[in-house]
Amino acid sequence: MNQKVYDGRVVTKSVPKKDALSLAMGKPMYTDDKEFRNLAHVKMLYSPHALADIEEIDTTDAEKLQGVLSVLTHKNCSQVLHTSAGQGYPEPSPYDTRLFNRRVKYVGDRIAAVVAETSKIAEQALDLIKVKYKVFEPVFDHDKAMGHKTVIHNEGEAKYIIPVFYDASKNHASHLDANVGDLEKGFKEADVVVEKTVRNHYGQHCPLEPHISIAYIDDYDRLVVRTSTQVPFHTRRILAQILEIPLKQIRVIKPRIGGGFGTKQELITDPIVASFAWELKRPVKYELTRKEEFISARTRHPMTTYFKAGVKKDGTITAMDMEVTSNTGAYGSHALTVLSNTGSKTLPLYHCENIRFVGDTVYTNLPVAGAYRGYGATQAALAMEIVIDDLAEAINMDPAKFRLMNHIKEGETSPIFKALGEGTEGVEQTVDSVGLSECIKQGAERIDWYNREENKKTKSTKTKKRGYGMVCLMQGSSIPYVDMAAGYAKLNEDGSFNLLVGATDIGTGSDTILAQIFAEGLAIDASDVLVISSDTDTTPFDTGAYASSTTYLTGQACVNLANKIKDQLTDYAAKLLNLPRDELILENKTVIHKQSGKKISFSEIGTKSYYSEHQTQIGAVASELSRKSPPPFAAHFAEVEVDIETGRVKVIRYVIGVDCGTPINPKLVIGQSEGALVNGISYALSEQYFFNEKGRMLNPSFGNYKIMTTIDLPEIETIIVPTFEPSGPWGAKSVAEVNINGPMPCISNAIYDAIGVRITEPPFTPDRVLKAIKEHSKE
Amino acid sequence: MSLLLKVKINGVEKKIEIQPNEILIDVLRREGYKGVKRGCNEGTCGTCTIIFNEKTVKSCIMLAAQAQNGTITTIEGIGTHEKPHPIQEAFVEAGVVQCGFCIPGMILSAKNLLDNNPNPTKAEVKMALDGNLCRCTGYRGQIEAVLKAAAVIRGEK
């Protein structure tokens with residue numbers, strides 16, 4: 001491990017999150033908390049069919065209802081083909097939807113939107129819309145969707161705007177393959193070969209604040225969209241595209257956001273309010289209900305993942321083969337890039353020279369998948385980390401020691417980095433900070449890994465069996481040669497700085513993190529930095545809050561920015577003090593000449609530069625283009641108890657070791673890690689979509705879609721293992737996503753350890769576990 | 780037909796004109812108590828939690844008229860920037876306010892617990908916060924923050 005660890009003055013300190021106190025006071029900071037006079041309200045009519053053509057739609061009666069202002073359907077909406085995925089341009093997702101489509105493709109697809117004086121009137125108007133459908137036989141099973149006789153997107157228009165494979169006539173939304181080395185030779189060299197097919201399930205992000213947007217026309221006749229988004233700049237661009245109005249006519253403002261986790265990297269409510277506000281010239285609000293959030297927002301891509309690997313008796317992995325079928329639902333949001341990440345964010349983790357990856361994404365008539373924290377790595381880790389355990393068992397090696405031996409080490413590379421990128425070829429890179437061995441060692445110690453056989457015996461009863469599992473994980477930090485981020489800062493008279501960033505704090509704490517990174521470079525405190533983020537009129541560009549990019553990428557932009565301003569401060573002080581600039585240093589909000597003891601404070605520079613001497617604005621803009629995507633790493637350890645009578649799996653303890661480079665703000669690192677972890681445990685144990693035979697989700701509420709609460713928690717411990725990433729801001733990498741990937745395979749491994757039954761299809765609910773136990777005892 | 784709702788909110792006597800079928804969350808938000816959040820509108824997420832007559836209730840499943848002559852505490856009533864409530868201070872200090880959307884409700888649940896039980900066990904804190912969903916943090920820090928705030932209120936820290 002790289003021994004260099006950065007010990008900062010402002011970074012590596014848990015300074016209070018900038019918005020924490022105001023949020024804890026309940027200040028009106030979210031999209032819906034600002035009052036608008038004359039606000040109109042939207043309600044949506046959804047398809048009751050999983051696949052149907054709208055033969056007729058009559059909105060006359062709805063339009064006549066007093067208080068109804070307008071109705072949008074496929075007949076009068078924008079006809080621009082686009083993707084709802086809020087990605088960079090050109091988007092790597094298929095253009096396969098209009099705002100409303102004549103052919104509706106899942107239960108929850110949009111039929112019509114009504115805007116009215118009140119939401120009650122809008123809701124009443126929905127009942128007055130008459131629709132005649134021609135219903136078709138839908139496709140639900142993603143393993144049978146490719147080449148199915150039912151063609152979901154049969155309009156013949158859908159396409160990618162980048163040169164990649166696409167065949168809508170076969171329900172085939174994307175395809176990827178990558179080959180390195182010689183797979184056949186690799187399997188021949190193996191002493192043992194293990195293969196498994198696993199299936200993960202539908203799951204939803206469940207941000208506590210549902211999607212919400214408010215659009216209005218400002219005094220200059222421009223369209224302003226105040227919206228709960230992770231991607232304000234992409235939103236502006238895509239709104240201009242859909243509405244066919246000049247980009248300069250649109251301003252997107254991101255207030256505080258009540259969580260995103262990927263689902264708000266998607267334009268859902270935004271184009272609806274924008275269309276209506278532009279038409280009516282009055283403020284319009286559209287807020288999803290929790291039910292709409294489940295049925296019509298975005299979900300995690302369910303996948304079938306086949307993984308086969310070979311190993312020699314000495315522990316050398318000789319071949320790895322991964323085949324993925326991903327279900328994107330009715331539309332192809334993130335279809336290609338989530339698929340590529342299933343391979344690119346898992347396969348580099350272990351040494352292996354012979355690797356094959358084949359992936360296909362298919363359309364089905366089920367809810368639309370999209371970006372979700374983990375982004376494919378969650379799905380693939382389930383398959384890979386189960387097989388890694390099986391390999392270790394097959395050669396009689398401890399799973400922790402097997403992983404210690406095989407995981408990628410500092411200075412090494414993986415051929416996968418080049419072979420698999422973000423939907424296309426990737427970027428070659430070495431990994432220059434790897435704390436994974438230390439994560440494994442410390443985690444193993446905390447859970448008492450090497451005494452687990454004894455602990456199992458003493459803690460198990462006749463019906464309640466203890467077991468231990470572990471996994472290793474990686475992710476990335478930003479998308480190389482795609483993501484760009486920028487910051488702008490200016491000095492004030494009191495020595496404080498305004499820092500304006502496009503980076504999108506959705507609750508992650510990025511405003512605070514970026515203030516710390518900037519402050520570190522200028523010898524000031526984080527409290528001297530006043531942050532404004534994510535307003536397309538006032539802040540510089542940023543791709544947004546996704547791909548674990550903000551700390552790493554926008555953070556480096558803020559380092560660059562601090563360097564520029566440091567130069568300006570030094571130049572100014574040199575002029576004022578009449579001293580050589582290279583003898584000046586920054587210390588404690590002052591420019592100092594150590595030799596003479598002469599100095600000038602930032603506040604004096606601020607005041608003089610504004611009003612009296614060598615007058616100029618001290619301030620700069622700086623940006624950063626991502627050139628690599630250094631992986632954060634994690635090792636997870638779980639202790640579970642399986643009740644063999646009821647099938648109930650209880651996670652007793654969960655220990656994680658996390659390497660995110662320099663932890664810029666350790667408390668926020670823990671928050672990100674444990675938040676992702678608990679979301680992952682919840683998805684592994686209880687969260688699931690139930691569909692009826694018509695494709696309707698049966699449990700779209702928190703009452704019936706069970707996410708973990710305080711009383712469900714295991715005992716959790718997070719160990720931060722600092723490393724130094726040379727390409728990151730003060731050595732930092734990302735941490736947002738990696739820890740959501742662990743719980744499914746880790747708990748599966750622990751269940752296997754407890755009762756010898758291998759369960760590969762989460763969620764590990766009592767009924768599924770009991771069924772698996774029964775099937776196992778038959779064998 | 781409208782009703783006149785007489786209710787004490789955060790220590791202030793209020794007379795608010797309401798409709799008989801109005802839900803309490805809608806009235807509170809209309810009156811400017813924006814700290815009352817709407818996360819599910821069906822009583823399951825806890826973001827709209829308020830303290831009503833010394834009990835926590837979900838204001839999205841209570842008629843406003845049911846609050847007649849009652850006492851309500853919302854997040855706006857329990858601390859200021861100059862003088863935050865110890866629970867608010869503990870949450871900030873512990874770094875457990877992420878997106879913040881669940882926090883007002885969670886703080887009110889915690890406050891109601893500590894008002895009635897100044898020295899709770901960890902299990903009692905977990906039980907008191909059980910009705911407040913959070914998707915950002917993983918809860919551990921918040922549970923510890925409530926225990927810490929309890930010690931501060933008891934004058935031990």
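As they're listed, the protein sequences go chains R and C.
With the working numbering, letter number 543 in the first sequence gets 543, and the count goes up by one each step, no holes.
Each number in the working numbering corresponds to the 1-based position in the second sequence with 779 added.
All C-beta atoms in this analysis are idealised placements derived from N, C-alpha and C, irrespective of residue type, glycine included.
Residues that DSSP places opposite G657 (chain R) in a beta bridge
R:A635 and R:I719
Please tell me whether K564 (chain R) has its Cβ less than 8 Å away from any Cβ of chain C.
no
Report the start-end ranges of each alpha helix (DSSP H) in the stretch 479-559 of chain R that is 4 residues or longer and not cut off at the edges.
510-522
Please name the residue, chosen from R:G502, R:G469, R:P48 and R:L553, that lies closest to G731 (chain R) on a Cα-to-Cα basis.
R:L553
Is there at least one Cβ from chain C nearer than 8 Å to K667 (chain R)'s Cβ?
yes
Starting from L473 (chain R), trace the beta strand (DSSP E) in both directions and tell me its first and last residue.
Counting along the chain, L473 (chain R) sits inside the beta strand (DSSP E) bounded by residues K464 to M474.
Here's the rule: buried if 16 or more other CB atoms are within 10 angstroms of the residue's CB, otherwise exposed. What is S169 (chain R)?
exposed
List the DSSP bridge partners of L305 (chain R).
Reading the sequence as shown, one finds Thr at residue 305 (chain R) and not Leu. Per DSSP, R:V198 and R:V324.
Strictly below 7 Å CB to CB, what residues from chain R border V871 (chain C)?
Going along chain R in sequence order, the residues near V871 (chain C) (Cβ under 7 Å) are P16, A20, L21 and A24.
Between which two residues does the beta strand (DSSP E) containing R110 (chain R) stretch?
R110 to A116
Note the first and the last residue of the continuous alpha helix (DSSP H) segment covering V925 (chain C).
R919 to I932 is the span of the alpha helix (DSSP H), which, as asked, contains V925 (chain C).
Ends of the beta strand (DSSP E) at D58 (chain R)?
From DSSP, the beta strand (DSSP E) with D58 (chain R) extends over A52 to D58.
With a threshold of 16 other CB atoms inside 10 Å of the CB of N578 (chain R), please say whether the residue is buried or exposed.
A residue is called buried once 16 or more other Cβ atoms fall within 10 Å of its Cβ, and N578 (chain R), having fewer, is exposed.
Any chain C beta carbon closer than 8 Å to M1 (chain R):
In this predicted model, M1 (chain R) has a pLDDT of only 46, less than 50, meaning its place in the structure is not dependable; the value taken from the coordinates is given anyway. False, the Cβ-Cβ gap to chain C never drops below 8 Å.
Is it buried or exposed for T413 (chain R), if we count other Cβ within 10 angstroms and need 16 for buried?
exposed
Going by beta-carbon coordinates alone, are V368 (chain R) and A330 (chain R) separated by less than 8 Å?
yes
If we cut at 8 Å on Cβ distances, does K13 (chain R) have a partner in chain C?
no
Cα-Cα, which of R:K418, R:S601 and R:A519 is closest to A178 (chain R)?
R:K418
Under a three-way DSSP split, which group does F402 (chain R) fall into?
helix
So, is V135 (chain R) buried or exposed, given that buried needs 16 or more other C-beta atoms within 10 angstroms?
exposed
Report yes if the CB atom of S626 (chain R) is closer than 8 Å to the CB atom of P480 (chain R), and no otherwise.
yes
Under the three-state reduction of DSSP, which class applies to M1 (chain R): helix, strand or coil?
With a pLDDT of 46 at M1 (chain R), under the threshold of 50, the predicted position of this residue should be treated as unreliable, though the coordinate-derived value follows. In the structure shown, M1 (chain R) sits in coil (DSSP, three-state: anything other than H, G, I, E or B).
Cβ-based contacts, 8 Å cut-off: residues of the stretch 887-918 of chain C near chain R:
V904, K905, M906, L908, D909, G910, N911, L912, C913, R914, C915, T916, G917 and Y918
S673 (chain R), DSSP secondary structure in three states
helix
Take F36 (chain R) as the anchor and find which of C:T853, C:N891, C:R809 and C:N789 has the nearest alpha-carbon.
The candidate whose alpha carbon is nearest that of F36 (chain R) is C:R809.
Interface partners of I882 (chain C) on chain R, CB under 9 Å:
Those are A20, L23, A24 and G26, listed as they occur along chain R.
Taking Cβ to Cβ, would you say R110 (chain R) is nearer than 8 Å to D53 (chain R)?
The answer is no: Cβ separation not under 8 Å.
Give me whichever residues DSSP pairs with R251 (chain R) in a beta bridge.
Per DSSP, R:V224.
Give a yes or no on whether the minimum CB-CB distance between E209 (chain R) and chain C is below 8 Å.
Yes, its Cβ sits closer than 8 Å to a Cβ of chain C.
Where do the N-terminal and C-terminal ends of the beta strand (DSSP E) with I212 (chain R) fall, by residue?
I212 to I217
Which of helix, strand or coil does DSSP assign to R237 (chain R)?
helix
What is the residue span of the alpha helix (DSSP H) that H776 (chain R) lies within?
From DSSP, the alpha helix (DSSP H) with H776 (chain R) extends over P766 to K778.
Identify the continuous beta strand (DSSP E) that holds D784 (chain R) and give its terminal residues.
Outside the shown range of chain R, which is 1 to 779, sits residue 784 (chain R), and nothing can be said about it.
Three CB pairs or more closer than 8 Å across the stretch 502-511 of chain R and the stretch 596-609 of chain R
No: fewer than three Cβ pairs fall under 8 Å.
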